[in-house]
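Asker:
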Amino acid sequence: MKPRADDIVIEIDPGLAFGTGLHPTTAGCVRELQDRLRRGARVIDFGCGSGILGIVAAKLGAREVLAIDFDPAAVEVARANVAASGVTDRVTVRVGDSLAGVGTGWDMVLANINPPTIVREAPGALAALDPDGAYACAGIPLNREAEALEALREVGFAGILPRIDGEWVGFICVAPGEGGRP
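Numbering follows the numbering used here, with no gaps: position 24 of the sequence shown is 98.
1) Grab the span of the beta strand (DSSP E) containing residue 194 for me, first residue to last.
2) So, at 7 Å on beta carbons, what are the nonlocal neighbours of residue 254 in its own chain, with the 5 sequence-adjacent residues on each side left out?
3) According to DSSP, is residue 166 part of a helix, a strand, or is it coil?
4) Where does residue 237 sit, in a helix, a strand or coil, going by DSSP?
5) Specify whether the region 222–232 and the region 188–195 touch according to this definition: at least 3 beta carbon pairs, one from each stretch, less than 8 Å apart.
6) Quick one: measure Cβ to Cβ for residue 180 and residue 143, integer angstroms, because I've assumed they're closer than 8 Å.
7) Can you tell me the Cα-Cα spacing of residue 256 and residue 250, whole angstroms?
8) State the CB to CB distance for the pair residue 124 and residue 151, rounded to an integer number of angstroms; the pair is presumed to be in contact (CB under 8 Å).
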């Protein structure tokens with residue numbers, strides 16, 4: 075398919091890392107970025123894999139993106155993709171296995187990973203977010219929706235909106251604040 079003049083084209087070499095943009099959970103996170111991201115936003119891509127979501131966020135106008143992955147090989151792939159995409163001025167990639175130490179004031183935290191990690195990191199995501207910021211988490215098989223939703227509700231988000239795509243579910247979890255729009 076030939077891109078339109080206003081399309082943002084991103085070419086990714088996933089190497090051994092996850093994230094080409096073709097998986098439904100990745101595509102769902104991209105849609106959330108397109109729908110929710112404000113120019114100048116600060117975004118965390120936790121479990122960044124190839125770096126695709128952080129790159130998309132930067133290309134859509136995020137002023138700062140922190141991409142984190144526990145796998146050093148994925149971090150190297152993500153760094154190469156960030157450089158090839160021309161967004162090294164806005165995207166920092168680092169090794170890490172939690173949201174501890176990321177600070178506060180983030181507008182969006184993306185986590186397209188596995189359900190146990192999504193649930194484990196939800197309190198850290200909420201602590202990192204500005205009021206009305208969003209924790210967009212995906213990678214949850216539909217048969218684990220109830221388990222993940224219950225755990226996310228216990229964290230204290232103001233609103234949780236499910237997003238179902240085939241066999242997968244993701245959630246948009248909004249931090250308490252002025253608007254509280256899921």
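Cβ coordinates follow ideal geometry from the N, Cα and C atoms, glycine included.
Answerer: Based on what the coordinates show:
1) No beta strand (DSSP E) holds residue 194; the alpha helix (DSSP H) holding it covers 189–202.
2) Note that residue 254 has pLDDT 46, beneath the 50 cutoff, so the model's placement of it is unreliable and the number below is only indicative. So the qualifying residues of the chain are 206, 232, 233 and 248.
3) strand
4) strand
5) yes
6) At roughly 17 Å, the Cβ-Cβ gap does not stay under 8 Å, so residue 180 and residue 143 are not in contact.
7) With a pLDDT of 49 at residue 256, under the threshold of 50, the modelled position of that residue is not reliable, and the figure given next carries that caveat. In a straight line, the C-alpha of residue 256 is about 10 Å away from that of residue 250.
8) 6 Å
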